[in-house]
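Trainee: So our numbering is basically just the index in the sequence shown, starting at one, shifted up by 7. Quick reminder that beta carbons are idealized off the backbone N, C-alpha and C, glycines included. All values derive from a computational prediction rather than experimental measurement.
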Amino acid sequence: MNEVYLGPESDQKYIATYLGGIRELDPIEIATLPKPIKLSDTLHMKRLIDIGRFWEITRQCIVECEQKYSVSITTVQPERYYTAQPTEADTIGGFHDPRSLGYQYWYHASFVLTLNERLVLKEIRTLELIRNFLHDCFHHSTFRSYRRAMRFPAASTGISKHRVPEVYREQYGINFRDKDGCSYSSAELTRHSPETINLNLLMDGVVIMVVSELMHNANKWLPAHTSGLERAIVNEIFLEPFDTALLPHAHSFYVAVTEPSRKFVAHWGGDTPIVLALQAMMSGELGAIKCFFEEKTGTTNVWEKMFKKPGFSIPENPDV
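(1) Looking only at its own chain, which residues have a Cβ that is under 6 Å from the Cβ of residue 118, when we skip the five neighbours before and after it?
(2) Is residue 100 buried or exposed, if buried means 16 or more other CB atoms sit within 10 Å of its CB?
(3) Are the Cβ atoms of residue 56 and residue 132 separated by less than 7 Å?
(4) Tell me whether residue 228 is buried or exposed, calling it buried when 16 or more other Cβ atoms sit within 10 Å of its Cβ.
(5) Check whether the stretch 267 to 274 touches the stretch 203 to 218, taking contact to mean three or more Cβ pairs, one atom from each stretch, closer than 8 Å.
(6) Can you give the beta carbon distance from residue 180 to residue 149, rounded, assuming they're within the 8 Å contact cut?
(7) So, for residue 178: in the same chain, excluding its five sequence neighbours on each side, which residues have a beta-carbon less than 7 Å away from its beta-carbon?
(8) Take residue 245 as the anchor and find which of 222, 232 and 253 has the nearest alpha-carbon.
(9) Does the distance from the CB of residue 192 to the CB of residue 314 come in under 7 Å?
(10) So, using beta-carbon positions, are residue 45 and residue 86 closer together than 7 Å?
(11) I'd like the span of the alpha helix (DSSP H) that includes residue 24, first residue to last.
(12) What's the gap between the Cα of residue 49 and the Cα of residue 58?
(13) In the DSSP assignment, find the beta strand (DSSP E) that holds residue 155 and state where it starts and stops.
And the structure:
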């Protein structure tokens with residue numbers, strides 16, 4: 008995990024204390040269902056998944072990631088990774104359930120639903136949770152910088168009374184935000200994929216594609232006979248065509264995130280932009296990926312022209 012605190016030394020200490028206090032808390036409050044289970048609670052988790060197989064495949068994927076992409080992945084601490092079963096008998100659950108929150112950077116924690124044990128075999132539930140966990144580990148490992156937001160003097164005593172400490176995430180991977188939450192990269196860019204794309208969406212799409220690739224050997228131990236729903240889930244994980252009627256939430260995610268990301272990287276060279284994007288995400292260093300697009304287009308500062316919202320600036324960081 009690569010996390011940096013910006014500003015003068017006094018601000019850096021302030022940010023470290025602020026975030027440290029949050030991360031000492033039990034992140035159970037991010038759970039959207041009652042009685043969530045920690046991944047570290049082996050006694051209860053082994054009823055839902057094959058916990059031995061889970062860790063075996065997860066570790067293999069992380070090693071392969073380091074070998075193939077030259078990036079190191081830090082896992083989310085199992086005691087800060089919460090999961091729960093759907094409460095309804097006919098709800099699928101999993102990554103695409105609207106109640107799955109995913110990774111929360113303030114807490115260094117996650118909450119996600121497991122697939123419904125009433126509907127899906129244990130092997131498939133295990134595979135899907137591996138995907139979810141790896142996905143969140145990539146987000147956990149992505150470079151982040153934080154800055155203290157200074158807003159004083161307060162405009163009124165009413166505002167001052169309700170003011171709380173303000174720390175904001177300035178850089179996340181290859182994207183930036185200012186203290187008011189305005190993004191370097193506009194959401195509207197994705198409408199112009201494959202030529203350009205929103206950078207936050209691209210990062211999520213890159214993680215989806217890389218995790219699917221890293222898990223390619225995991226389907227060797229899946230059962231030979233599965234239901235139509237289970238086959239759809241496996242195909243969705245491995246980015247193969249799946250029955251969209253069975254997995255409507257997964258289909259919506261594919262259309263919104265995965266498809267434009269796949270089209271973008273294919274348009275710009277396939278594996279190379281994926282590798283460069285992933286390395287930039289983990290390091291926070293954009294030099295190599297910017298050079299790639301300049302060489303591709305023959306245009307100086309093309310990264311800024313493709314991705315930067317007009318007028319965006321961070322006064323404390325004028326190089327952005």
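Mentor: On the basis of the data shown:
(1) As a position in the sequence shown, residue 118 is number 111, starting the count at 1. If we look at residue 118 and ignore the five residues flanking it on each side, its Cβ neighbours are 37, 38, 89 and 108.
(2) Locating residue 100 in the sequence shown gives position 93, where the first residue counts as 1. Buried.
(3) Taking the first residue of the sequence shown as position 1, residue 56 is located at position 49. Taking the first residue of the sequence shown as position 1, residue 132 is located at position 125. A distance below 7 Å separates the beta carbons of residue 56 and residue 132.
(4) Locating residue 228 in the sequence shown gives position 221, where the first residue counts as 1. Label assigned to residue 228: exposed.
(5) Touching, yes.
(6) Position 173 of the sequence shown, counted from the start, is the residue given in the question as residue 180. Position 142 of the sequence shown, counted from the start, is the residue given in the question as residue 149. The Cβ separation is near 5 Å, so the contact holds.
(7) Numbered from 1 along the sequence shown, position 171 holds the residue referred to as residue 178. Correct list, in chain order: 150, 151, 152 and 291.
(8) Here residue 245 refers to the residue found at position 238 of the sequence shown. When only C-alpha atoms are compared, the closest one is 222.
(9) Within the sequence shown, numbered from 1, the residue matching residue 192 stands at position 185. Within the sequence shown, numbered from 1, the residue matching residue 314 stands at position 307. Yes.
(10) Taking the first residue of the sequence shown as 1, we reach residue 45 at position 38. Taking the first residue of the sequence shown as 1, we reach residue 86 at position 79. Cβ atoms of residue 45 and residue 86: closer than 7 Å.
(11) Counting from one through the sequence shown, the residue named residue 24 turns up at place 17. Per DSSP, residue 24 belongs to the alpha helix (DSSP H) from 16 to 30.
(12) As a first step, residue 49 must be located in the sequence shown, where it is residue number 42. As a first step, residue 58 must be located in the sequence shown, where it is residue number 51. So the two alpha carbons sit approximately 7 Å from each other.
(13) By 1-based counting over the sequence shown, the position of residue 155 is 148. In the DSSP assignment, residue 155 falls within the unbroken beta strand (DSSP E) covering 151 to 155.
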